[in-house]
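Below is one structure, written out as structure tokens, with a few remarks after it.
Number of protein chains: 2
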Amino acid sequence: MAERPRRRIPEATVARLPVYLRSLVELAGDRVSTTSSERLAELAGVNAAKVRKDLSYLGSYGTRGVGYDVEYLLFQVSRELGLTQDWPVVIVGAGNLGAALANYGGFGDRGFPVVALFDSDPAKIGTTIAGVKVLDQRDIPRVVQASGVAIGIIATPAPVAQDVADLLAAGGVRSILNFAPAVLTVDPSVSVRKVDLAVELQILSFYQQRGPNQAVGS
Amino acid sequence: MAERPRRRIPEATVARLPVYLRSLVELAGDRVSTTSSERLAELAGVNAAKVRKDLSYLGSYGTRGVGYDVEYLLFQVSRELGLTQDWPVVIVGAGNLGAALANYGGFGDRGFPVVALFDSDPAKIGTTIAGVKVLDQRDIPRVVQASGVAIGIIATPAPVAQDVADLLAAGGVRSILNFAPAVLTVDPSVSVRKVDLAVELQILSFYQQRGPNQAVGS
DNA sequence: GGAGCCTCGTGCATCCGTTCACAAAGTCTA
DNA sequence: TAGACTTTGTGAACGGATGCACGAGGCTCC
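Here the protein sequences come in this chain order: A and B. The numbering used here numbers the first residue of the first sequence as 1 and each following residue consecutively. The numbering used here numbers the first residue of the second sequence as 219 and each following residue consecutively.
Structural data, given as structure tokens:
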């Protein structure tokens, strides 16, 4: 057997792996031991051919005539996504959104423990939100470096987002999840993903205005 | 002149129009009256050819040798996105996320007034969050229909997301923004967009584990 | 052991989106 | 008015993603 297929996995496939993962967790919770690409497709909201092609990039983990072993596939997808280890995160911006994210327990449980919150407001610095201390924004590089934080979440107003991104990068963060409505410029070695509320609503507005088209998106 | 070009606008272009819109608002705020595709591309974080092709789907609004009139283009993009009118929204789920969304003023200002919050918890029903009354989830169809709500935002736990989506659809909502980590099944006439925190973090985890690739995405 | 059935894995055609490169069309200067 | 310069709008080539359709491989039952 080849030790590791090492095929390059298309970006579109990577984006779907977490959805398959969730479907597999659900199946495992229902004590299902084996599943088909058809069933997985149904749970993930895609078509079966796509499921098979996506999974084939990870290796040949199915059995023809039978399907996929849920537990085994679960492990393989987790490993491929790098979820066999924890990735500590920090949240910058302790406003409404930052606080909601910190309170949303789903992170720590799933391998993304929140190790610190940052803000620039002296009134907030020193308080505790969801069991996490709020620190001074200026300490980002030091804390991030000291704690080996891999992922930074930006939940600040747009005007300071770029400065925050620079601070995170200075501390050695290699991935940023940006909630601020601003385009970030970072070193190509840093991965950035953007979540923008206003943009999503405006896209819906477009299709609302038009006829009954459908728009499904990430 | 053709009354309306009425070309079909590609999905990828629609997703970028809000970003151009924001860039144009920024330029207008700086009292810039004319801009080039080059400059717009820089602000939006894409390349200039893409800007020109995207804008060309709306019509021929630029002037060769000069560029685009900021105010005029701003209006055209707004109109194309259906932002010349307000789209009332409701938020379902008055937990951390729902409350944060309601408190985040950016909605109402930008043409998406929050007309109601819904929850199933009797302890929350009747309270007021960010000036909006929390109503009983079971009243969704009635309230939505009565207020002509176009867009529903789902900020509930995953297990009830599908039920909520059905209630929204029953009330005549034609667009749904789904924050719950669940795949929704709805009539094709309803547009659904999904924002999933865990998925975003897991995608970052993948690239984190791999070499220094970059992943930019919405 | 063989026939029939099931489901994966994948080659191939197609579609959508991106990018290049250039003609068209306008401005500005002399 | 002519000629140089600027920037748009778009045809065409390219690349990535999708979906079909089918061969390969494995199971079950007689």
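Each residue gets a CB set at the ideal place from its N, CA and C atoms; glycine is no exception. Here the structure is a predicted model, which is why all the values come from computation and not from measurement.
With which residues is residue 194/A paired in a DSSP beta bridge?
For the purposes of this step, residue 194/A is taken as residue 194 along the first sequence, with counting starting at 1. DSSP lists 178/A as partners of residue 194/A.
Residue 408/B versus residue 390/B - alpha carbon distance
Taking the first residue of the second sequence as 1, we reach residue 408/B at position 190. Taking the first residue of the second sequence as 1, we reach residue 390/B at position 172. Approximately 9 angstroms, taken between the alpha carbons.
Spatial neighbours of residue 23/A within its chain, please: C-beta separation below 8 angstroms, excluding the five flanking residues on both sides.
Position 23 of the first sequence, counted from the start, is the residue given in the question as residue 23/A. So the list reads 40, 43 and 44, once near-sequence residues are dropped.
Less than 7 angstroms between C-beta atoms, sequence neighbours within five positions excluded: which residues of the same chain meet that for residue 383/B?
Along the second sequence, read from residue 1 onward, the residue named residue 383/B stands at position 165. Once the five neighbours on either side are set aside, the close Cβ partners of residue 383/B are 372, 394, 402 and 404.
Suppose you measure from the CA of residue 77/A to the CA of residue 56/A; what does that come to, to the nearest Å?
To locate residue 77/A, count along the first sequence from 1; it is residue 77. To locate residue 56/A, count along the first sequence from 1; it is residue 56. Each residue's alpha carbon lies about 11 angstroms from the other.
Between the segment 310-328 of chain B and chain A, which residues of the former have a C-beta closer than 8 angstroms to a C-beta of the latter?
314, 315, 317, 318, 319, 321, 322, 324, 325 and 328
Proximity below 8 angstroms, CB of residue 318/B to CB of residue 332/B:
Your numbering for residue 318/B matches position 100 in the second sequence. Your numbering for residue 332/B matches position 114 in the second sequence. In this structure, residue 332/B does not lie closer than 8 angstroms to residue 318/B by Cβ.
Decide if the segment 197-206 of chain A is in contact with the segment 114-123 of chain A; the criterion is three or more beta carbon pairs, one per stretch, under 8 angstroms apart.
no
Going by other Cβ atoms of all chains shown within 10 Å of its Cβ, with 16 needed for buried, is residue 284/B buried or exposed?
Here residue 284/B is taken as the residue at index 66 of the second sequence, counted from 1. Exposed, since its Cβ has fewer than 16 Cβ neighbours within 10 Å.
CB-CB under 8 angstroms to residue 228/B, same chain, minus the five flanking residues each way: which ones, in chain order?
What you label residue 228/B is simply residue 10 of the second sequence in a count that begins at 1. Excluding sequence neighbours, residue 228/B sits near 275.
Secondary structure of residue 299/B, DSSP reduced to three states:
For this step, residue 299/B is matched to residue 81 along the second sequence. Of the three classes helix, strand and coil, the one that applies to residue 299/B here is coil, per DSSP.
Three-state secondary structure (DSSP) of residue 50/A:
In the first sequence, the residue the question calls residue 50/A occupies position 50. Residue state, collapsed to three classes: helix.
According to DSSP, is residue 402/B part of a helix, a strand, or is it coil?
The residue given as residue 402/B occupies position 184 in the second sequence. Here residue 402/B sits in coil by DSSP.
Inter-residue spacing [alpha-carbon to alpha-carbon] between residue 356/B and residue 385/B
Your numbering for residue 356/B matches position 138 in the second sequence. Your numbering for residue 385/B matches position 167 in the second sequence. Those two C-alpha atoms are separated by around 8 angstroms.
In the DSSP assignment, the beta strand (DSSP E) including residue 369/B goes from what residue to what residue?
Along the second sequence, read from residue 1 onward, the residue named residue 369/B stands at position 151. 369-372 is the extent of the beta strand (DSSP E) around residue 369/B.
Suppose the cutoff is 8 angstroms on Cβ atoms and the five residues either side in sequence are ignored; what does the same chain contact list for residue 252/B look like?
One-based indexing of the second sequence puts residue 252/B at position 34. Residues 284, 285, 286, 287 and 288 of the same chain have their beta carbon placed closer than 8 angstroms to that of residue 252/B, with the five preceding and five following residues left out of the count.
Return the Cβ separation of residue 143/A and residue 135/A in integer angstroms, given the expectation that the two are a contact with Cβ distance under 8 angstroms.
Numbered from 1 along the first sequence, position 143 holds the residue referred to as residue 143/A. Numbered from 1 along the first sequence, position 135 holds the residue referred to as residue 135/A. 6 angstroms between Cβ atoms; contact.
Determine the direct distance from the alpha carbon of residue 339/B to that of residue 279/B, and round the result to whole angstroms.
The residue given as residue 279/B occupies position 61 in the second sequence. The residue given as residue 339/B occupies position 121 in the second sequence. Taking C-alpha positions only, residue 279/B is separated from residue 339/B by approximately 51 angstroms.
Less than 8 angstroms between C-beta atoms, sequence neighbours within five positions excluded: which residues of the same chain meet that for residue 435/B?
Taking the first residue of the second sequence as 1, we reach residue 435/B at position 217. Low per-residue confidence applies at residue 435/B: pLDDT is 49, beneath 50, and the placement is therefore not dependable, though the value from the model is reported in the following sentence. Around residue 435/B: 421.
Output the boundary residues of the alpha helix (DSSP H) element that contains residue 164/A.
As a first step, residue 164/A must be located in the first sequence, where it is residue number 164. Here the alpha helix (DSSP H) through residue 164/A covers 158-170.
Return no unless some Cβ of chain A is closer than 8 angstroms to the Cβ of residue 436/B.
Within the second sequence, the letter at position 218 stands for residue 436/B. A caution first: residue 436/B carries a pLDDT of 45, below 50, which makes its placement in the model unreliable, though a value can still be read off. Yes, because at least one Cβ of chain A sits closer than 8 angstroms to the Cβ of residue 436/B.
Is the shortest distance between the beta-carbon of residue 417/B and the beta-carbons of chain A less than 8 angstroms?
Locating residue 417/B in the second sequence gives position 199, where the first residue counts as 1. Chain A, which has a Cβ nearer than 8 angstroms to the Cβ of residue 417/B, makes this yes.
With a floor of 4 residues, list each alpha helix (DSSP H) that falls wholly inside the segment 279-357 of chain B, ordered by position along the chain.
288-298, 314-321 and 324-327
Of the listed residues 95/A, 27/A, 157/A and 49/A, nearest to residue 128/A (C-alpha basis)
By 1-based counting over the first sequence, the position of residue 128/A is 128. If we check each option's Cα against that of residue 128/A, 95/A comes out closest.
Please report how far the alpha carbon of residue 107/A lies from the alpha carbon of residue 367/B, in whole angstroms.
Residue numbering aside, residue 107/A sits at position 107 when the first sequence is read from its first letter. Residue numbering aside, residue 367/B sits at position 149 when the second sequence is read from its first letter. Approximately 32 angstroms, taken between the alpha carbons.
Does the CB of residue 228/B have a neighbour CB from chain A at under 8 angstroms?
By one-based count along the second sequence, residue 228/B stands at place 10. No, its Cβ sits nowhere closer than 8 angstroms to a Cβ of chain A.
Below 8 angstroms on the Cβ atoms is my guess for residue 413/B versus residue 195/A; work out the distance and round it to an integer in Å.
Taking the first residue of the second sequence as position 1, residue 413/B is located at position 195. Taking the first residue of the first sequence as position 1, residue 195/A is located at position 195. Between residue 195/A and residue 413/B the Cβ distance is about 6 angstroms, and since that is below 8 angstroms, they are a contact.
Measuring straight from C-alpha to C-alpha, what distance separates residue 396/B and residue 369/B?
Your numbering for residue 396/B matches position 178 in the second sequence. Your numbering for residue 369/B matches position 151 in the second sequence. Cα to Cα, the separation comes out at about 11 angstroms.
CA-to-CA distance, residue 237/B to residue 17/A, given in whole angstroms
To locate residue 17/A, count along the first sequence from 1; it is residue 17. To locate residue 237/B, count along the second sequence from 1; it is residue 19. Near 27 angstroms, if we compare the C-alpha coordinates of residue 237/B and residue 17/A.
To which residues does DSSP link residue 253/B through a beta bridge?
Residue 253/B sits at position 35 when you count from the first residue of the second sequence. Per DSSP, 286/B.
Looking only at its own chain, which residues have a Cβ that is under 8 angstroms from the Cβ of residue 272/B, when we skip the five neighbours before and after it?
Translated into the one-based positions of the second sequence, residue 272/B becomes position 54. Excluding positions up to five away in sequence, the list reads 231, 234, 235 and 238.
Against residue 39/A, what residues of chain B qualify as contacts under a CB-to-CB distance less than 8 angstroms, listed in chain order?
Here residue 39/A refers to the residue found at position 39 when the first sequence is read from its first residue. Chain B residues near residue 39/A: none, gap ~13 angstroms exceeds 8 angstroms.
Identify, in the order they occur along the chain, each residue of the same chain with its Cβ nearer than 8 angstroms to the Cβ of residue 343/B, setting aside the five sequence neighbours on each side.
Walking along the second sequence from the start, residue 343/B turns up at place 125. For residue 343/B, where only same-chain residues beyond five positions count, the Cβ hits under 8 angstroms are 337, 352, 353 and 354.
Taking DSSP as the reference, what is the three-state secondary structure of residue 189/A?
To locate residue 189/A, count along the first sequence from 1; it is residue 189. Residue state, collapsed to three classes: coil.
Where residue 356/B meets chain A, residues with beta-carbon distance less than 9 angstroms:
Mapped onto the second sequence, residue 356/B falls at position 138. Here the premise fails: no neighbours, minimum Cβ distance about 25 angstroms.
Output needed in chain order: residues of the segment 163-192 of chain A with a Cβ under 7 angstroms from some Cβ in chain B.
174, 175, 177, 181, 183, 188, 189, 191 and 192
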